[in-house]
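Student:
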Amino acid sequence: AQSVTQPDIHITVSEGASLELRCNYSYGATPYLFWYVQSPGQGLQLLLKYFSGDTLVQGIKGFEAEFKRSQSSFNLRKPSVHWSDAAEYFCAVAGYSTLTFGKGTMLLVSP
Amino acid sequence: EAGVTQFPSHSVIEKGQTVTLRCDPISGHDNLYWYRRVMGKEIKFLLHFVKESKQDESGMPNNRFLAERTGGTYSTLKVQPAELEDSGVYFCASSQVAGRIYEQYFGPGTRLTVT
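Respectively, the protein sequence lines represent chains A and B. The first sequence: position 14 = 149 (the working numbering), numbered continuously. The second sequence: position 95 = 169 (the working numbering), numbered continuously.
1. With DSSP as the reference, please indicate the residues paired to K213 (chain A) in a beta bridge.
2. Does the Cβ of D220 (chain A) have 16 or more other Cβ atoms within 10 Å, making it buried, or fewer, making it exposed?
3. Rounded to whole angstroms, what is the Cα-Cα separation between I87 (chain B) and K213 (chain A)?
4. What is the C-beta distance between L182 (chain A) and Y171 (chain A), in whole angstroms, given that I count them as a contact (C-beta under 8 Å)?
5. What do you get for T233 (chain A), buried or exposed, if any count of 16 or more other CB atoms within 10 angstroms of its CB means buried?
6. Leaving out five residues on either side along the sequence, give the residues of the same chain with a beta carbon under 7 Å from the beta carbon of S161 (chain A).
7. Quick one, which residues of the region 81 to 94 of chain B are near chain A if we go by CB-CB under 7 Å, in chain order?
8. Mind pulling the beta strand (DSSP E) runs of 3 or more residues that sit fully within the region 174 to 212 of chain A?
9. Just the chain A side, please: which residues come within less than 7 Å of H122 (chain B) by C-beta, in chain order?
10. Tell me which residue opens and which closes the beta strand (DSSP E) that R110 (chain B) is part of.
11. Report the partner residues of I175 (chain B) according to the DSSP bridge assignment.
12. Using alpha carbons as the reference points, say which of B:M134, B:P182, B:E126, B:V188 lies closest to Q180 (chain A).
13. Suppose you measure from the CA of S168 (chain B) to the CA of E126 (chain B); what does that come to, to the nearest Å?
14. Could you tell me how far apart the beta carbons of A141 (chain B) and L121 (chain B) are, in whole angstroms, since I believe they sit closer than 8 Å?
15. Expressed to the nearest angstrom, what Euclidean distance is found between the alpha-carbon atoms of W218 (chain A) and G145 (chain B)?
16. I'd like to know if the region 90 to 100 of chain B and the region 225 to 242 of chain A are in contact, where contact means that at least 3 CB-CB pairs between them fall below 8 Å.
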């Protein structure tokens, strides 16, 4: 069965510092991977997705993620965090029509 | 274009009561999904509608949960009778086409608290 692990429940980053959120997946075939973000009072918003091709994927809001098959990872990165990035981030892998999510990582941004 | 909307945003009910959650998908989206996040856990799939038909309801926890999508537009999720463990955030999502590569658009969720 497919699964997603986000090992960090909370992360605090200073504004302007770089960010990396970890995601490891388990899937029997070629994975289709997603990162979503949820800001307070908002729905889940898609940041980026990986299906095939270039393993470095660019997304919205300056985020990127790198797919590493050998490590079963799909880590999310941003070179300089803004206070508005404070939110909860979810990594997910797609089944035929369903998504399997990790538990989420809450990002706190300090001044 | 309006996004996925859910009503109510919050609901507090007592154990044993009934609650009905509503989801309005993006217009024209035939596929509608329900997910649930229990506190401290992952967001988990509940079921998938294609138009008014249940395509996959493998994630429904038990027969206290009833989902409908009459007419293939909005959907309701009824919990009857509610139990304490039903507390959580219920998300609805929709997509134009089903399949792994198609983005699901999520609503803001309904936070259900059962006391």
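Beta carbons are placed, not taken as given, at the ideal position from N, Cα and C, and that holds for glycine.
Tutor: Looking at the coordinates:
1. A:L154
2. buried
3. 41 Å
4. 6 Å
5. By the 10 Å Cβ count, T233 (chain A) comes out buried.
6. Taken in chain order, the residues that qualify are Q137, S138, S207.
7. none
8. The qualifying runs are 179 to 185, 191 to 193, 199 to 203.
9. S232, T233
10. 105 to 111
11. Looking at the DSSP assignment, I175 (chain B) forms no beta bridge with any residue, so it has no partner.
12. B:P182
13. 13 Å
14. 6 Å
15. About 43 Å.
16. no
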